[in-house]
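Here is the structure we will look at.
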Amino acid sequence: MNTHHDSQPGRRTFLKTTAAASAPLLAGRVVRGQEAAQDTSEVRIGIVGAGGRGTGALNDSLTINDNVKVVAVADLTEQKGQRLRDILGRKHEGKVAIDDTAIHTGLDGYQKVLEDPNVDLVIFATPPGFRPRHIAEAVEAGKHVFAEKPTCVDPAGYRICLAAHEEAEKRGTAIVTGTQYRRQINYIEAVKQIRDGAIGDIISATSRYCSTGIWFKNRQEDMSDTEYQIFNWMHYVWLSGDQIAEQAVHNIDAMNWVMGGAPESAYGSGGRFTRPETSEMWDSMSIDYVYPGNRTLSFMCRQIPGSTGDNSNTIYGTEGIAHIGAMSQGSKITDRDGKEIWPKKGRISDAYKQEHKDLVDSIRAGQPIVELKQTADSSLTAVLGRVAAYTGRRVTWEFLTEQSQLDLYPEALDWTAPRPESQHAVPGQTKLV
Ligand SMILES: NC(=O)c1ccc[n+]([C@@H]2O[C@H](COP(=O)([O-])OP(=O)(O)OC[C@H]3O[C@@H](n4cnc5c(N)ncnc54)[C@H](O)[C@@H]3O)[C@@H](O)[C@H]2O)c1
-18 MNTHHDSQPG RRTFLKTTAA ASAPLLAGRV VRGQEAAQDT SEVRIGIVGA
32 GGRGTGALND SLTINDNVKV VAVADLTEQK GQRLRDILGR KHEGKVAIDD
82 TAIHTGLDGY QKVLEDPNVD LVIFATPPGF RPRHIAEAVE AGKHVFAEKP
132 TCVDPAGYRI CLAAHEEAEK RGTAIVTGTQ YRRQINYIEA VKQIRDGAIG
182 DIISATSRYC STGIWFKNRQ EDMSDTEYQI FNWMHYVWLS GDQIAEQAVH
232 NIDAMNWVMG GAPESAYGSG GRFTRPETSE MWDSMSIDYV YPGNRTLSFM
282 CRQIPGSTGD NSNTIYGTEG IAHIGAMSQG SKITDRDGKE IWPKKGRISD
332 AYKQEHKDLV DSIRAGQPIV ELKQTADSSL TAVLGRVAAY TGRRVTWEFL
382 TEQSQLDLYP EALDWTAPRP ESQHAVPGQT KLV
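In our numbering, the protein residues as written are -18 to 414.
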């Protein structure tokens, strides 16, 4: 396979200058159905994090978009990059052109992707703890970004995201995030119904992200502390943010969308019954969020084998009730007696692709979408719930955004460096910082 050198200076100039010229017009808003886009220039993709979702997200982009090509990959090991190239190369003829020299490894491999002048757009799908810094550096490097959720796991990362959002708007580069429900038709239509008054005024809501478990990876011989923690990243809060941030952020994001923004405070509880001793994660959390106007959200997430799963969102209004089912379960509105008055179907697989179409269309139209703040707000809403539960305190949005010093990212990150032993939070003992 050939490395791609930029043989089309006009193309590159177009992708950069049209974006810069017109970005403020639509920045921060979702641009749907940009069929009118004039430009069809090739968009060249680099990917950082070639695991399950990285491969899936890239597959979605290559499936839905014409004239896109993946040209570089970074993961911790070469084998992951090669695997991604092999899997997607077989599926997408002509759209996978990763030279051997464009497979980068190690903790600084992502920087090689950002330095590559052939890369227009970078997909980030590493463990979330890396995300704020990776996004910020990508924006500085002038790249368009697709960032998987959550985009931060602590207030320090949130502030990095806000700065990166502003910088991308200034530079006219796009940032789309992996909160696919924002692009799923039954979610979009249900939120529109609610906004249009179909359930009257919102009083309260319940939202659940309850399942039967998640993977755990045992330490292998000769692994350093850092290497093991990244290998088993889900179970370290600095890397995953715990279940409420890593997974449940999907439904928290949907609730922020319904409520029109972030909550004012959170109070909650939870614990761990079934996690392996070395996991830092809790396996259940129950959080009461209060949104402006004294609207409450009762939120629950759980990963306990043998328990009953539930992934639903229910919004109670003065006139009716909106039910938004996760995945492809559809939405409906009932009156207060339970009679269905409005249904809508929607497929998550379409939403996963739509986010990549919107991103590429927006770049080509010179109207890059910048939606990082919205997803950073939802990620921090998850963190707000986690901090309230971990400490046992009522915690406000204002405290977390303006005063909290919580910064989980290691001061010096090195592959062989020792890391503190895992510890899990204990309400009443874990400090609010
Ligand atoms: N939108 C969705 O529905 C959805 C679904 C699944 C996962 N995700 C998100 O995608 C992200 C990845 O999850 P996953 O399930 O693919 O995990 P995974 O463990 O399968 O993949 C992560 C990959 O990142 C690599 N990696 C780790 N640190 C890295 C670094 N510093 N630089 C480069 N590569 C690094 C790992 O080696 C691994 O290959 C998470 O943020 C997760 O929440 C989103």
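Each residue gets a CB set at the ideal place from its N, CA and C atoms; glycine is no exception. As the structure is a computational prediction, the values presented were derived from the model and not from experiment.
Could you pull the start and end residues of the beta strand (DSSP E) that residue i belongs to?
i: residue 324; result: 321 to 325
i: residue 268; result: 265 to 272
i: residue 248; result: 246 to 252
i: residue 157; result: 156 to 158
i: residue 363; result: Run containing residue 363: none in the beta strand (DSSP E); it sits in the alpha helix (DSSP H), 353 to 372.
May I ask which residues mark the beginning and end of the alpha helix (DSSP H) holding residue i?
i: residue 304; result: Premise fails: residue 304 lies in the beta strand (DSSP E), 301 to 306, not in any alpha helix (DSSP H).
i: residue 69; result: 59 to 72
i: residue 293; result: Per DSSP, residue 293 belongs to no alpha helix (DSSP H); it is in the beta strand (DSSP E), 293 to 298.
i: residue 173; result: 166 to 176
i: residue 111; result: That residue, residue 111, is in no alpha helix (DSSP H); it is neither H nor E in DSSP.
i: residue 38; result: 33 to 45
i: residue 133; result: Looking at the DSSP string, residue 133 is not in any alpha helix (DSSP H), and its letter there is neither H nor E.
i: residue 221; result: 218 to 221
i: residue 212; result: 206 to 212
i: residue 92; result: 90 to 96
Taking all protein chains shown into account, decide if residue i is buried (16 or more other Cβ within 10 angstroms of its Cβ) or exposed.
i: residue 395; result: exposed
i: residue 261; result: buried
i: residue 334; result: buried
i: residue 393; result: exposed
i: residue 368; result: buried
i: residue 33; result: exposed
i: residue 49; result: buried
i: residue 404; result: exposed
i: residue 6; result: Confidence is the limiting factor: at residue 6 the pLDDT is only 27, short of 50, which leaves the residue's position unreliable and the question unanswerable from this model.
i: residue 308; result: exposed
i: residue 407; result: exposed
i: residue 21; result: exposed
i: residue 52; result: buried
i: residue 75; result: exposed
i: residue 275; result: exposed
i: residue 149; result: buried
i: residue 283; result: buried
i: residue 54; result: buried
i: residue 402; result: exposed
i: residue 71; result: exposed
Assuming the contact rule is C-beta atoms closer than 8 Å, residue i and residue j should be a hit. Round their C-beta distance to whole Å, please.
i: residue 95; j: residue 24; result: Incorrect: roughly 16 Å between the Cβ atoms, too far for contact.
i: residue 306; j: residue 288; result: That pair is no contact at about 19 Å.
i: residue 290; j: residue 267; result: No, residue 290 and residue 267 are not in contact; Cβ-Cβ is about 16 Å, not under 8 Å.
i: residue 358; j: residue 350; result: 16 Å between Cβ atoms; not a contact.
i: residue 129; j: residue 155; result: Not confirmed; about 15 Å, so no contact.
i: residue 86; j: residue 57; result: 6 Å
i: residue 389; j: residue 110; result: 7 Å
Identify the residues that DSSP records as bridge partners of residue i: which are they?
i: residue 85; result: 55
i: residue 281; result: 189 and 267
i: residue 276; result: 272
i: residue 231; result: Partner(s): none; residue 231 has no beta bridge.
i: residue 25; result: 50
i: residue 312; result: 305 and 325
i: residue 128; result: 105 and 158
i: residue 183; result: 298
i: residue 377; result: 246
i: residue 77; result: 51
When the Cβ atoms of the region 373 to 382 are set against those of the region 236 to 249, are three or more pairs found closer than 8 Å?
yes
Whether or not the region 191 to 208 and the region 126 to 146 are in contact is what I'm after, with contact meaning three or more pairs of Cβ atoms, one per stretch, closer than 8 Å; do they touch?
no
Three or more C-beta pairs under 8 Å: does that hold for the region 308 to 320 against the region 21 to 36?
no
With three or more C-beta pairs closer than 8 Å as the rule, is the region 183 to 191 touching the region 292 to 301?
yes
Sufficient close CB pairs (3 or more, under 8 Å) joining the region 225 to 235 to the region 328 to 342:
no
Any heavy atom of ligand 3 nearer than 6 Å to the CB - residues listed
Judged by which ligands are present, ligand 3 is missing from the structure shown, whose ligands are ligand 1.
Is the region 154 to 169 close to the region 188 to 196, with three or more CB pairs under 8 Å?
no
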